[in-house]
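Undergrad: I have a structure I would like to understand better, so I am pasting it below and will then ask my questions one at a time.
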Amino acid sequence: MKLSTRGRYGLMAMYQLALEYSDEPISLKYIAEKQGLSENYLEQLFSNLRKDGLIQSVRGAQGGYMLSRLPKDITVGEILRSLEGTLAPAHCVTEETDCSKEESCVTKLVMVKIKDSIDSVVDSITLQDMVEQALNIE
245 MKLSTRGRYG LMAMYQLALE YSDEPISLKY IAEKQGLSEN YLEQLFSNLR KDGLIQSVRG
305 AQGGYMLSRL PKDITVGEIL RSLEGTLAPA HCVTEETDCS KEESCVTKLV MVKIKDSIDS
365 VVDSITLQDM VEQALNIE
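Just so we're on the same page, our numbering is the position in the sequence shown counted from 1, plus 244.
Pasting the structure below:
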């Protein structure tokens with residue numbers, strides 16, 4: 245399984261919001277510049293993130309975006325699922341299929357374990373963890 249640009253760029257943008265966390269909104273232009281991303285593309289991603297309650301927008305000249313919760317309360321899993329959908333390595337893990345072998349499919353059992361492992365990892369990492377890791381690197 246490979247994350248799309250949506251997931252990668254969205255995570256980068258959310259990390260930037262966490263890095264600069266305050267009660268003041270941050271402009272999309274600033275986030276795009278700091279992370280080297282397209283402002284127009286981020287607008288599309290932020291629409292999803294706002295709809296899913298992960299960020300809030302503030303209109304006006306001093307407007308921008310802010311995290312809707314503390315960085316310690318937003319997981320990488322929430323962000324990726326907002327932008328990517330279910331993090332499953334195969335569609336049969338999360339959807340009904342017409343597969344005649346589904347009941348005895350060992351491959352599906354492996355795929356379920358992979359999905360559960362991915363979910364466990366991404367749900368255990370918060371934006372605050374990412375910020376702290378970055379501070380340790382510097």
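Quick reminder that beta carbons are idealized off the backbone N, C-alpha and C, glycines included.
All values reported here derive from a predicted model rather than from experimental measurement.
Using the rule of at least 16 other Cβ atoms within 10 Å of the residue's Cβ for burial, across every protein chain shown, is Val320 buried or exposed?
TA: buried
Undergrad: What is the DSSP secondary structure of Gln300, reduced to helix, strand or coil?
TA: strand
Undergrad: Compare the Cα-Cα distances from Arg305 to each of Glu268, Gly254 and Asp296 and report the closest residue.
TA: One detail in the question is off: residue 305 reads as Ala in this sequence, not Arg. Comparing Cα positions, the closest option is Glu268.
Undergrad: Please confirm whether Lys295 and Thr370 have their CB atoms less than 8 Å apart.
TA: no
Undergrad: Using the three-state DSSP reduction, which class does Ile358 fall into: helix, strand or coil?
TA: helix
Undergrad: Measure the CB-CB distance between Leu263 and Glu287 and report whether it falls below 8 Å.
TA: no
Undergrad: In angstroms, rounded to a whole number, what distance separates the CA positions of Glu328 and Glu382?
TA: 30 Å
Undergrad: In angstroms, rounded to a whole number, what distance separates the CA positions of Ala276 and Val375?
TA: 18 Å
Undergrad: How many whole angstroms separate the CB atoms of Asp360 and Leu331, which I take to be in contact at a CB cut-off of 8 Å?
TA: About 10 Å separates the beta carbons of Asp360 and Leu331, which is beyond the 8 Å limit, so they are not a contact pair.
Undergrad: Give me the Cα-Cα distance between Leu281 and Tyr259, rounded to the nearest whole angstrom.
TA: 13 Å
Undergrad: Tell me, to the nearest whole angstrom, how far the beta carbon of Leu289 is from that of Arg250; I am working on the premise that it is less than 8 Å.
TA: 6 Å
Undergrad: So is Ala378 buried or exposed if we call it buried at 16+ other beta carbons inside 10 Å?
TA: exposed
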